[in-house]
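To start, the structure under review is shown below, and the notes come after it.
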Amino acid sequence: DARVTQTPRHKVTEMGQEVTMRCQPILGHNTVFWYRQTMMQGLELLAYFRNRAPLDDSGMPKDRFSAEMPDATLATLKIQPSEPRDSAVYFCASGRQGTTGANVLTFGAGSRLTVL
Amino acid sequence: AQSVTQLGSHVSVSEGALVLLRCNYSSSVPPYLFWYVQYPNQGLQLLLKYTTGATLVKGINGFEAEFKKSETSFHLTKPSAHMSDAAEYFCAVSAGILTGGGNKLTFGTGTQLKVEL
Numbered sequence: 255d256a257r258v259t260q261t262p263r264h265k266v267t268e269m270g271q272e273v274t275m276r277c278q279p280i281l282g283h284n285t286v287f288w289y290r291q292t293m294m295q296g297l298e299l300l301a302y303f304r305n306r307a308p309l310d311d312s313g314m315p316k317d318r319f320s321a322e323m324p325d326a327t328l329a330t331l332k333i334q335p336s337e338p339r340d341s342a343v344y345f346c347a348s349g350r351q352g353t354t355g356a357n358v359l360t361f362g363a364g365s366r367l368t369v370l
Numbered sequence: 149a150q151s152v153t154q155l156g157s158h159v160s161v162s163e164g165a166l167v168l169l170r171c172n173y174s175s176s177v178p179p180y181l182f183w184y185v186q187y188p189n190q191g192l193q194l195l196l197k198y199t200t201g202a203t204l205v206k207g208i209n210g211f212e213a214e215f216k217k218s219e220t221s222f223h224l225t226k227p228s229a230h231m232s233d234a235a236e237y238f239c240a241v242s243a244g245i246l247t248g249g250g251n252k253l254t255f256g257t258g259t260q261l262k263v264e265l
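Listed below in structure tokens is the structure:
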């Protein structure tokens with residue numbers, strides 16, 4: 255089965271450090287989404303891309319978060335500087351936007367971030 | 149703007165009993181609706197989706213959901229619960245590209261399903 259691969263699976267870091275999370279979408283998928291999951295807020299959309307172009311990053315704190323797609327096989331989410339409130343599980347998901355517009359997403363296993 | 153409300157953050161059923169997880173949506177355009185399941189320490193997995201056409205949709209693992217426009221609901225059901233169904237379930241809504249609403253998913257807060265012997 256094709257999978258969305260996320261690295262690292264777990265990351266523990268100290269406040270103020272830079273954190274980079276990576277995602278390899280499924281080959282042939284043209285949309286990539288970043289979600290954050292916490293107990294308090296549930297699943298929040300941070301950013302998404304279509305054909306590598308950013309379409310919506312309104313859910314992302316601009317001062318410290320950035321999301322990019324350097325190429326079709328890699329999406330990155332960077333936090334600089336990290337804060338304890340960024341502790342969460344970050345999910346990447348990819349999909350193929352077809353003619354029906356029903357964007358069925360395949361999720362990665364997530365990157366669990368703990369900021370001390 | 150779109151939103152999803154899942155009634156009941158925790159649902160407990162006996163093995164073999166009916167599973168009913170409730171989802172109501174709000175959308176200014178015809179919605180696409182989804183149910184995802186999340187097992188511990190894993191990502192979300194698609195159970196089923198409604199786009200157009202038949203309002204009763206069947207998914208994996210014996211689950212099904214019915215789109216009811218008049219009630220703005222998309223409840224998830226399974227006739228007989230199994231221990232392996234214990235997980236968190238998320239309802240999600242999307243506007244779809246054809247209506248110009250973008251293609252991002254908005255998720256509900258999730259319902260944790262517990263299955264007891």
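Order-wise, the sequence lines are chains D and L.
To get the working numbering, take the position in the first sequence, counting from 1, and add 254.
To get the working numbering, take the position in the second sequence, counting from 1, and add 148.
Heads up, the beta-carbon is just placed ideally off N, CA and C, and yes, glycines get one too.
Remember, it's a predicted structure, so these values are computed and weren't measured experimentally.
So does the region 307 to 320 of chain D actually touch the region 154 to 169 of chain L, counting three or more Cβ pairs closer than 8 Å? no
If distances are taken between C-alpha atoms only, which option among L:172, L:165, L:231 and L:209 comes closest to residue 257 of chain L? L:172
At a Cβ threshold of 7 Å, is residue 329 of chain D touching chain L? no
Can you tell me whether residue 298 of chain D is helix, strand or coil according to DSSP? strand
Does the distance from the C-beta atom of residue 235 of chain L to that of residue 187 of chain L stay below 7 Å? yes
What residue range does the beta strand (DSSP E) around residue 333 of chain D cover? 328 to 333
When we look at the beta-carbon of residue 275 of chain D and count the other beta-carbons within 10 Å, is it buried (16 or more) or exposed? buried
Against chain L, which members of the region 297 to 310 of chain D pass a CB distance test of less than 9 Å? 297, 298, 299, 302, 304, 309 and 310
Along chain D, in chain order, which residues have C-beta atoms closer than 7 Å to that of residue 150 of chain L? Near residue 150 of chain L there are no residues of chain D at all, since even the closest Cβ is about 11 Å away, more than 7 Å.
Can you confirm whether the region 174 to 184 of chain L touches the region 236 to 243 of chain L when touching is taken to mean that 3 or more C-beta pairs between the two stretches lie within less than 8 Å? yes
Near residue 271 of chain D, what residues of its chain come up, given a Cβ to Cβ distance below 6 Å and the 5 sequence neighbours on each side ignored? 336
Roughly how far, in whole angstroms, is the beta-carbon of residue 190 of chain L from the beta-carbon of residue 363 of chain D, given that I think they are within contact range, below 8 Å? 6 Å
Use the C-beta contact count for residue 263 of chain D: other C-beta atoms within 10 angstroms, 16 or more gives buried, fewer gives exposed. exposed
Pick out whichever of L:228, L:153, L:154 and L:259 has its Cα sitting closest to the Cα of residue 212 of chain L. L:228
Just tell me which of D:358, D:342 and D:332 has its CA closest to the CA of residue 297 of chain D. D:342
Can you check whether the C-beta of residue 321 of chain D is within less than 7 Å of a C-beta belonging to chain L? no
Does any CB atom of chain D fall closer than 7 Å to the CB of residue 257 of chain L? yes
Counting C-beta neighbours from all protein chains within 10 Å, is the total for residue 286 of chain D 16 or more, i.e. buried, or is it exposed? buried
On the DSSP bridge list, what partners appear for residue 100 of chain L? With chain L running from 149 to 265 in the structure shown, residue 100 of chain L is simply not present.
Grouping DSSP H, G and I as helix and E and B as strand, with all else coil, what is residue 339 of chain D? helix
Out of curiosity, what's the CA-to-CA distance linking residue 149 of chain L and residue 180 of chain L? 13 Å
Continuous beta strand (DSSP E) assignments of at least 3 residues falling wholly in the region 158 to 192 of chain L: 158 to 162, 167 to 174 and 180 to 186
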